[in-house]
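Peer 1:
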Amino acid sequence: MTSSNGHRTPHAGLTIWLTGLSGAGKTTIADRLETELVARGRRVEKLDGDVVRQHLSKGLGFSKEDRDENVRRIGWVAHRLTHHGATVIASVISPYRDIRAEARELIGDFFEIYVKCALDVLVRRDPKGLYAKAFSGEIPNFTGVSDPYEEPLFPELTLETANETVEQSVDRIITRLEEAGLLVEPAATVA
Ligand code: ADP
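The opening position of the sequence shown corresponds to residue 13 in the numbering used here, with each subsequent residue numbered one higher.
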């Protein structure tokens with residue numbers, strides 16, 4: 013967005029919100045997407061669920077209340093950064109529809125991506141060995157196994173990571189962002 017004097021307005025920021033089950037590919041896609049967006053001159057900040065839990069949300073567990081609190085904190089930080097023109101990539105399971113909707117409402121410039129992958133594929137991938145522990149009961153309240161995941165009803169984009177490569181997923185995101193006019197080159201927006 014450009015103001016009348018040609019400067020970028022604070023609202024030129026954007027939050028790209030990746031939601032989906034553990035191991036679906038959120039972090040992997042976020043990393044690749046960051047590289048693409050930085051190459052296009054965007055200032056990118058990643059807010060990854062696993063990383064946030066080591067800092068901002070340290071001490072929070074996996075009860076519904078703690079999950080909601082974790083997602084709300086990420087939403088709030090994303091809101092502040094987006095307001096200042098950053099491109100935020102939030103990659104967090106964020107299993108509940110209503111809390112994602114809260115983040116969307118707070119942030120405004122919100123692009124929700126459902127990183128979708130069938131459970132049987134996730135169990136075969138299991139890069140962190142978490143599904144094995146979830147099915148054995150060693151990890152309780154595991155999203156998609158013993159805890160709910162509410163699929164987005166109207167995401168801006170759905171990626172089927174069992175059927176597409178990381179490169180294809182990132183290409184699809186970039187194309188959709190361009191179609192939506194959300195990747196205007198900074199050079200074109202500064203007087
Ligand atoms: P999440 O952040 O959703 O928990 P990760 O990105 O940490 O997931 O892990 C996803 C795993 O699946 C990685 O080991 C990645 O290499 C693998 N993978 C296989 N195919 C894909 C794909 N098409 N998109 C994303 N990740 C994929």
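Don't be surprised by glycine CBs; every beta carbon is placed ideally from N, CA and C.
Check whether the Cβ of S34 lies closer than 7 Å to any heavy atom of the ligand ADP, and answer yes or no.
Peer 2: In the sequence shown, counting from the first residue as 1, residue 34 sits at position 22. It does: the Cβ of S34 is within 7 Å (strictly closer) of some heavy atom of the ligand ADP.
Peer 1: Check whether the Cβ atoms of I41 and L33 lie closer than 8 Å to each other.
Peer 2: Your numbering for residue 41 matches position 29 in the sequence shown. Your numbering for residue 33 matches position 21 in the sequence shown. Their beta carbons are not under 8 Å apart, which means I41 does not touch L33 by this criterion.
Peer 1: Please find out if some non-hydrogen atom of the ligand ADP comes closer than 7 Å to the beta-carbon of K128.
Peer 2: Start at 1 with the first residue of the sequence shown, and residue 128 comes out as number 116. Checking the Cβ of K128 against the ligand ADP gives no.
Peer 1: On the DSSP bridge assignment, give the partners of E172 in chain order.
Peer 2: The count along the sequence shown starts at 1 and reaches residue 172 at position 160. Looking at the DSSP assignment, E172 forms a beta bridge with K128.
Peer 1: Spatial neighbours of L165 within its chain, please: CB distance less than 8 Å, with the 5 preceding and 5 following residues excluded, ordered by chain position.
Peer 2: For this step, residue 165 is matched to residue 153 along the sequence shown. Closer than 8 Å at the Cβ level, and outside the excluded window around L165, lie R109.
Peer 1: Pull the bridge partners of T155 from the DSSP assignment, please.
Peer 2: To locate residue 155, count along the sequence shown from 1; it is residue 143. In the DSSP output, where bridge partners are listed per residue, T155 has D159.
Peer 1: Just the Cα atoms here: how many angstroms apart are L142 and I151?
Peer 2: Working through the sequence shown from its first residue, we reach residue 142 at position 130. Working through the sequence shown from its first residue, we reach residue 151 at position 139. Rounded to the nearest angstrom, the two C-alpha atoms are 8 Å apart.
Peer 1: Quick one: Cα of G37 to Cα of D159, how far?
Peer 2: For the purposes of this step, residue 37 is identified with residue 25 of the sequence shown, where counting begins at 1. For the purposes of this step, residue 159 is identified with residue 147 of the sequence shown, where counting begins at 1. Cα to Cα, G37 sits roughly 19 Å from D159.
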